[in-house]
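Worksheet: the structure to be examined is printed underneath.
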Amino acid sequence: MNIGYIKIVLALLSVAGYIQNVAFASDLHSSATSSNEESKQQLSADPEEAKQAANVMADALAIAQKHAKHTNDYKLYLKKDDETALYFKRVNDTDIAKLDLTIPNPDSYGSIISMLMDPNAPKNLYGGRAEGTLSRIYDPNLVIIKQHYTNNSGPWQRYCHLLANKTELSEEETAIVFVSPDVNDHDSKKNKNYVNPIVESANSFKPDINPQGSIRNQNALKMHVNLAAFFIKKEADCVNVTFISSIDLNLSPKAKKQAVKKVTANIILDIAKLRDIFKN
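In UniProt numbering, the protein residues as written are 1 to 280.
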């Protein structure tokens, strides 16, 4: 796979509503110059760490597949029409959102995947500002990225570290999965202790990440992606997109859960714009 950028909506889960740049690179590491030896060492990973990262993401994919299936514990939050429905459920005292979207154009499958890999495409869907850099490259489809999010309309700023993995489940189905490991980024700011309530194996994965350049604003707080995943599947007469998400935004305990859920839902529903883009 050549260097590409998959624009994934992590901020669909946040109150700010931003697009994240998720980089999947096959030859980026090999093309690094010898003058940037520290950067090359940072991107490299020892085999044991790479194996553990792969195991965590295999676990995350299995859990995401489980939650992508509709079960009775999902409660309908909003049904815009027969082709767009948003649900929420509680798991281990945290929300998981699930968006089911049908795009009535089976020939759009490849184009949808390409759009998610197009660095300019998300401008058609969302606003906001985000910056991302690679921290590790384990293989062409498995990386750790550092993301920094800035609210255009206010001082709200967050950053996070993400394990990101793209998997072709079959010729007609692709999964893109994200989860936050327990990264040691040497951040001295006051951040609460984080335990992933969805993907427990991520709690024992503790890579050491050089903080240089990872946090643009020292006032930014760390947030965590418990689990986020896109499942894009081609059917005979349509393409079905299922998006599940659960994020710990590191908000104040005073933040009202229903208010956060409402804003989160409105942002997630913007994914439905894919249907308008690819309806023909």
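Backbone N, C-alpha and C define an ideal beta-carbon position, used for all residues, glycine too.
#1: How many angstroms separate the CA atom of lysine 98 from the CA atom of asparagine 55?
#2: Nearest to aspartate 73 by CA position, among Thr84, Glu83, Asp95, Pro197, is which residue?
#3: Nearest to glutamate 48 by CA position, among Ala259, His67, Tyr138, is which residue?
#4: Taking the C-alpha atoms as reference points, what is the distance between leucine 227 and leucine 169?
#5: With DSSP collapsed to three states, give me the class of threonine 71.
#6: Check whether the region 199-209 and the region 56-65 touch, using three or more Cβ-Cβ pairs below 8 Å as the test.
#7: Counting along the chain, where does the alpha helix (DSSP H) carrying alanine 97 start and finish?
#8: Tell me which residues share the same chain as threonine 102 and place their Cβ nearer than 6 Å to its Cβ, disregarding the 5 neighbours each side in the sequence.
#9: Straight-line CA distance for isoleucine 247 to histidine 224?
#10: Using three-state DSSP, classify valine 143 as helix, strand or coil.
#11: Tell me the DSSP secondary structure of arginine 228 in three-state form.
#12: Looking at the unbroken alpha helix (DSSP H) that takes in asparagine 266, where does it start and where does it end?
Answer, in terms of the structure:
#1: For this step, residue 98 is matched to residue 98 along the sequence shown. For this step, residue 55 is matched to residue 55 along the sequence shown. Spanning the two alpha carbons is a distance of roughly 24 Å.
#2: Within the sequence shown, the letter at position 73 stands for residue 73. Ranking Thr84, Glu83, Asp95, Pro197 by Cα distance to aspartate 73 puts Asp95 first.
#3: Here residue 48 refers to the residue found at position 48 of the sequence shown. Checking every option, the nearest Cα to that of glutamate 48 belongs to Tyr138.
#4: One-based indexing of the sequence shown puts residue 227 at position 227. One-based indexing of the sequence shown puts residue 169 at position 169. When rounded, the distance between both Cα atoms is 18 Å.
#5: For the purposes of this step, residue 71 is taken as the residue at position 71 of the sequence shown. Looking at threonine 71 - three-state DSSP - the assignment turns out to be coil, as it is neither helix nor strand.
#6: yes
#7: Against the sequence shown, residue 97 aligns to sequence position 97. Looking at the DSSP string, alanine 97 is not in any alpha helix (DSSP H); the run it does join, the beta strand (DSSP E), is 94-103.
#8: Numbered from 1 along the sequence shown, position 102 holds the residue referred to as residue 102. Excluding residues within five positions, the ones whose Cβ falls inside 6 Å are Glu83, Cys238, Asn240.
#9: For this step, residue 247 is matched to residue 247 along the sequence shown. For this step, residue 224 is matched to residue 224 along the sequence shown. Taking the straight line from one Cα to the other gives about 6 Å.
#10: Here residue 143 corresponds to residue number 143 of the sequence shown, with the count starting at 1. Looking at valine 143 - three-state DSSP - the assignment turns out to be strand.
#11: Working through the sequence shown from its first residue, we reach residue 228 at position 228. In the sequence under discussion, the amino acid at residue 228 is alanine, which differs from the arginine named in the question. Alanine 228 falls in the strand class under three-state DSSP.
#12: Translated into positions along the sequence shown, residue 266 becomes position 266. Segment 257-268, the alpha helix (DSSP H) holding asparagine 266.
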